[in-house]
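First the structure, in the form of structure tokens, and then the observations on it.
Number of protein chains: 4
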Amino acid sequence: MDEGVGQPEGSSERRDPLERVRTSFERQGLMRLLGARVLEVGEGSCTIEVPFSDEVTQQERYFHGAVIGAVGDNAGGYAALTLAPPDREVLTVEYKVNFLAPAFGEKLVARGEVVTAGRRLFVCKADVSAVGGNGERICATVLQTVSLSPITARTSR
Amino acid sequence: MDEGVGQPEGSSERRDPLERVRTSFERQGLMRLLGARVLEVGEGSCTIEVPFSDEVTQQERYFHGAVIGAVGDNAGGYAALTLAPPDREVLTVEYKVNFLAPAFGEKLVARGEVVTAGRRLFVCKADVSAVGGNGERICATVLQTVSLSPITARTSR
Amino acid sequence: MDEGVGQPEGSSERRDPLERVRTSFERQGLMRLLGARVLEVGEGSCTIEVPFSDEVTQQERYFHGAVIGAVGDNAGGYAALTLAPPDREVLTVEYKVNFLAPAFGEKLVARGEVVTAGRRLFVCKADVSAVGGNGERICATVLQTVSLSPITARTSR
Amino acid sequence: MDEGVGQPEGSSERRDPLERVRTSFERQGLMRLLGARVLEVGEGSCTIEVPFSDEVTQQERYFHGAVIGAVGDNAGGYAALTLAPPDREVLTVEYKVNFLAPAFGEKLVARGEVVTAGRRLFVCKADVSAVGGNGERICATVLQTVSLSPITARTSR
Chain A
1 MDEGVGQPEG SSERRDPLER VRTSFERQGL MRLLGARVLE VGEGSCTIEV
51 PFSDEVTQQE RYFHGAVIGA VGDNAGGYAA LTLAPPDREV LTVEYKVNFL
101 APAFGEKLVA RGEVVTAGRR LFVCKADVSA VGGNGERICA TVLQTVSLSP
151 ITARTSR
Chain B
1 MDEGVGQPEG SSERRDPLER VRTSFERQGL MRLLGARVLE VGEGSCTIEV
51 PFSDEVTQQE RYFHGAVIGA VGDNAGGYAA LTLAPPDREV LTVEYKVNFL
101 APAFGEKLVA RGEVVTAGRR LFVCKADVSA VGGNGERICA TVLQTVSLSP
151 ITARTSR
Chain C
1 MDEGVGQPEG SSERRDPLER VRTSFERQGL MRLLGARVLE VGEGSCTIEV
51 PFSDEVTQQE RYFHGAVIGA VGDNAGGYAA LTLAPPDREV LTVEYKVNFL
101 APAFGEKLVA RGEVVTAGRR LFVCKADVSA VGGNGERICA TVLQTVSLSP
151 ITARTSR
Chain D
1 MDEGVGQPEG SSERRDPLER VRTSFERQGL MRLLGARVLE VGEGSCTIEV
51 PFSDEVTQQE RYFHGAVIGA VGDNAGGYAA LTLAPPDREV LTVEYKVNFL
101 APAFGEKLVA RGEVVTAGRR LFVCKADVSA VGGNGERICA TVLQTVSLSP
151 ITARTSR
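Residue numbers (UniProt numbering), protein chains in the order written: chain A, 1 to 157; chain B, 1 to 157; chain C, 1 to 157; chain D, 1 to 157.
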């Protein structure tokens, strides 16, 4: 399984969800590269935005589907992280993304939330919208399975 | 539906698949950003590679799942493009990615192929492997639906 | 592509959605076999229920995942049919189902709705709940792509 | 998570995979209802067939997509069961099915196999074909995540 989206520092105390998400987020090279930032974090929810730039487009100057999938996946994964025990990390097992409309605008906004939280597996979803002069339009929806794993030396360094 | 992965120049002649894929590929800001390149193109298949860099990692220095999903999606979409009539473009309707193992190594290699080619919809799949000193290891598999659409002024410019 | 979920009788008038759904539904051998019935039909929505019986279980006497997937798929597909032009039929291109909790109770209720309606492709979703003495509990969620196709002699007989 | 596809009898010995699969299979009301039977079981693979009957059709007398999904899901799940420790049961976490062609013929044959076997999660796939006078034609492909869980009193009775 792949793609850890978070690992607390080994403490067993409950940490502030926003801080926990941001600490993990800042260590993701890809999110930096995309200029993504965490807008909002709640218990079981997370909102991420990505500003438009030439780097995040496909050949038609729309936001690239891969970027849409990436922020949707991340928004769902970080939503799960807000509910995970401090000694657990969150890994994406799989996700499916349906593209609903071309994504054109000033930024992408991905809103992730936990659908069900099990002991080891969470199911999450995320809607991704393009926001521009004409308002906001949903452009993709993501349905995702994430797993909670013990943080190991390998993953927590 | 989203994410055009290719559009020929309005000619009705069959174009060289490799040239067709590369022309489209070079216009994708994201693929440039990732340093991705097309390795091989056949009738109904396409192989893409992405070298390791700090920009394509998640917080554990593995390849980011979003990058894995992106190259898998692209490999499948470009495999479809090789079989598309010259006046059609290929759009990803949806894809699902299962992460199979952590992706660590010098590069990612995504091999896409067409499973079935309908009149309007293709089903494609792609396997993504991490290649390093220890050989090659499959790290994700993608199952994808793409649609063929007439190239419009909006999409072909 | 497979699994037509509806075809009107060749008339080009707008038909009553409930009648349209029921006419198609009654012709499905599998739905009869499961004892399924259409509870409610709206513009872009459809609710189906399946009573508990020994025939719809897996080895643990829970509702079988296949039955859950089937009614979820059907609820989404019929939701699409309510918005389809009278000369079009609805076919499921693909669906994904996440199982959220064991499904035990007196009946299954699947609520499907259209997420986005395109010219040729719809994206739909459905939630499936188990209903029993302890109330209602969501047990699965479905995300689905359906296509609209002209009704042909082959499919409309 | 839902849909157990198998549970051994509490013994810790490795049991014959074919026997293990058949024991579980026979307890599935739905599989009996469909007339399904296990054709072949290997280490990490399983083949199931379903004969044509009026009960397994949709409104066009093709095999119903739900039946196709069900046997694909089961073929993958039972493939996983062949590799599961005797004290574990196999539950489907989620699956995605793409329908590739109308399924018409004398029987459906679903061939499931394990793609990767983790400690707690397996990824499996299955191809489902329709077999008739004109030979065999693949009509659907399934990509699936299953989990291994300890057999509990609740599930093993």
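For each residue, glycine too, the CB sits at the ideal point set by N, CA and C.
As the structure is a computational prediction, the values presented were derived from the model and not from experiment.
- Excluding sequence positions up to five before and after B/P150, its CB lies within less than 7 Å of the CB of D87, R88, all in the same chain and listed in chain order.
- With a cut-off of 8 Å on Cβ pairs, the region 33-47 of chain D is in contact with the region 112-132 of chain D, counting three or more such pairs.
- Straight through space, the alpha carbons of A/R32 and B/E55 are spaced by roughly 8 Å.
- Using a Cβ-Cβ cut-off of 8 Å, D/V93 counts as an interface residue toward chain A, since at least one Cβ of chain A sits closer than that to its own.
- By the C-beta density criterion, D/N134 is exposed, having fewer than 16 other C-beta atoms within 10 angstroms.
- The C-beta of D/L81 has 16 or more other C-beta atoms within 10 Å across all chains shown, which makes the residue buried.
- At a cut-off of 8 Å, the C-beta of D/F52 has no neighbouring C-beta in chain C.
- Taking C-alpha positions only, D/G112 is separated from D/A140 by approximately 12 Å.
- Among the residues facing chain D, B/N98 is included, as its CB has a counterpart in that chain under 8 Å away.
- Of A/V38, A/R22, A/L148, A/Q28, the smallest CA-CA separation from A/A110 is found for A/V38.
- In the DSSP assignment, C/Y95 forms a beta bridge with C/Q144, D/V97.
- Against A/E19, chain B offers no close residue; the least beta-carbon distance is about 15 Å (beta-carbon pairs closer than 7 Å).
- Relative to the Cα of A/E40, the nearest Cα in the group A/Y78, A/H64, A/G69 belongs to A/Y78.
- Proximity of C/V41 to chain D, defined by a Cβ-Cβ separation below 8 Å, is not satisfied.
- By the CB criterion at 8 Å, C/F104 and C/G132 fall inside the cutoff.
- Within 10 angstroms of the beta-carbon of D/D16 lie fewer than 16 other beta-carbons, which makes it exposed.
- In this chain, the alpha helix (DSSP H) harbouring B/E19 covers 17-26.
- With distances taken between CA atoms, A/K125 lies nearest to A/Q144 out of A/L148, A/Q144, A/L108.
- Rounded to whole angstroms, the Cβ separation of C/V71 and C/A36 is 6 Å, and the two are in contact under 8 Å.
- When the beta-carbon positions are compared, C/S147 and C/I138 stay at least 8 Å from each other.
- Annotation: C/L148 has no Cβ neighbours in chain A at a cutoff of 7 Å; minimum Cβ distance is about 16 Å.
- The residue among D/P85, D/A75, D/R61 with its C-alpha nearest the C-alpha of D/R22 is D/A75.
- Excluding sequence positions up to five before and after D/E26, its CB lies within less than 8 Å of the CB of R32, all in the same chain and listed in chain order.
- The Cβ atoms of C/A66 and D/G29 lie no closer than 8 Å to each other.
- Beta-bridge pairing by DSSP links A/P51 to A/K107.
- At a cut-off of 8 Å between beta-carbon atoms, A/V123 makes contact with chain C.
- Against chain C, a Cβ distance below 9 Å from B/R88 picks out nothing, because the smallest value is about 14 Å.
- Our two residues, C/F63 and A/L18, have alpha carbons roughly 39 Å apart in a direct line.
- Each residue's CA atom was taken as its position, placing A/V97 and B/Y95 some 6 Å apart.
- Contact residues of the region 52-84 of chain C toward chain A are absent (C-beta to C-beta distance below 9 Å).
- In terms of Cβ geometry, D/V50 and D/L108 form a close pair [threshold 8 Å].
- In the DSSP assignment, A/L30 falls within the alpha helix (DSSP H) that extends over 29-34.
- Comparing C-alpha distances from A/D127 to each of A/E106, A/D73, A/L34, A/L83 shows the shortest one belongs to A/D73.
- Within the DSSP secondary-structure output, B/D127 pairs in a beta bridge with B/R111, B/T141.
- At a beta-carbon threshold of 8 Å, none of the residues of chain C lie near B/T141; the nearest stands roughly 14 Å away.
- D/R20 and B/L121 have their C-alpha atoms some 40 Å from each other.
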